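Here is the structure we will look at.
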Amino acid sequence: MAKLLYSGTVSLDGFLAGPDGDMSWATPHLGPNPEIDDLIGRIGALLVGRRTFGGDDPYRDDPERAGKAFGGGWSGPQFVLTHRPPATAAPDVTFVTELAEGVAAASAAAGDGYVNVLGADVARQCLRAGLLDELLFCVAPVLLGDGVRIFDQPGVPAVRLERLSVTAVPHVTNLWYRVLR
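If you want this note's numbering, it's the position in the sequence shown, counting the first as 1, plus 5.
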């Protein structure tokens, strides 16, 4: 059975993206990371937010890697959650309009692998709905001060987590948690 995992590079002050969704700040922190390399091989499908799919990409200035999941390190089925599906689909991409539909389709496609959630809004929706199983943050040693916070949900009850692992590589510290229910 697939597990839903949110993974992403975040600043030390909790920002996933800079102002206007700018992800270019993360590029210097995306170097070799054995934990991420291992994870990529266990991802069976992606559940992606429309904004992330449409361009919030730390590799957008690199023609070889732009628009590709994990900079081209992963390929497979993607399910994009959007209220406005485009008229034409991209290869291996299915556009879905409901969270439950997207989670079900991505989970079926992932089999026993992970459904990797990409995009702050989709991650918040999954967490609020009690669907996220795990969180993996690659914490970069930078303070952005402004931008898109990963879990900015005023008024939402605290979510308890169990630490699974902490690993450090030269450019980030990986923090992996299980969501407790």
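For glycine and all other residues, C-beta sits at the position ideal for the given N, C-alpha and C.
None of these values were measured; they are calculated from a predicted model.
Rounded C-alpha distance that separates residue i from residue j
i, j, result
"Thr57", "Leu51", "11 angstroms"
"Gly46", "Val98", "19 angstroms"
"Tyr119", "Ala31", "23 angstroms"
"Tyr182", "Phe84", "24 angstroms"
"Gly161", "Asp25", "Sequence inspection shows Val at residue 161; the Gly mentioned does not correspond to that position. In a straight line, the C-alpha of Val161 is about 24 angstroms away from that of Asp25."
"Asp117", "Met6", "5 angstroms"
"Asp18", "Asp27", "16 angstroms"
"Asp151", "Ala173", "25 angstroms"
"Ala114", "Leu149", "36 angstroms"
"Thr102", "Asp138", "22 angstroms"
"Val108", "Thr93", "22 angstroms"
"Gly136", "Ser112", "Rather than Gly, the amino acid found at residue 136 in this sequence is Leu. Leu136 and Ser112: Cα-Cα distance of roughly 11 angstroms."
"Ser80", "Pro96", "11 angstroms"
"Arg129", "Gln158", "8 angstroms"
"Val153", "Ala134", "20 angstroms"
"Asp42", "Pro82", "18 angstroms"
"Pro91", "Phe100", "8 angstroms"
Exposed unless 16 or more other CB atoms sit within 10 angstroms - verdict on residue i
i, result
"His88", "exposed"
"Ser29", "exposed"
"Ala105", "exposed"
"Val171", "exposed"
"Tyr11", "buried"
"Tyr64", "Interpretation of Tyr64 is limited by its pLDDT of 48, a score under 50 that renders its predicted location unreliable; the figure taken from the coordinates is listed afterwards. Buried."
"Gly36", "exposed"
"Gly13", "buried"
"Pro175", "exposed"
Within 8 angstroms, strictly: CB atoms of residue i and residue j
i, j, result
"Val15", "Leu9", "no"
"Asn38", "Val177", "yes"
"Leu185", "Leu166", "yes"
"Cys143", "Asn121", "no"
"Gly195", "Leu86", "Since the first and last residues shown for the chain are 6 and 186, residue 195 lies out of range."
"Phe156", "Leu132", "yes"
"Ala125", "His34", "no"
Residue i in three-state terms, based on DSSP
i, result
"Ile48", "strand"
"Ala128", "helix"
"Tyr64", "Confidence at Tyr64 is low in this model, with a pLDDT of 48, below 50, so its placement is unreliable and the value that follows should be read with caution. Note: Tyr64 maps to coil in three-state DSSP."
"Gly54", "strand"
"Arg1", "Not covered by the structure: residue 1. The range shown for the chain is 6 to 186."
"Gly26", "helix"
"Ala145", "strand"
"Ala173", "strand"
Q: Can you check the stretch 77–116 for any alpha helix (DSSP H) of at least 4 residues that lies completely inside it and give the ranges in chain order?
A: Listed in chain order, the complete alpha helix (DSSP H) runs (minimum 4 residues) inside the stretch 77–116 are 104–115.
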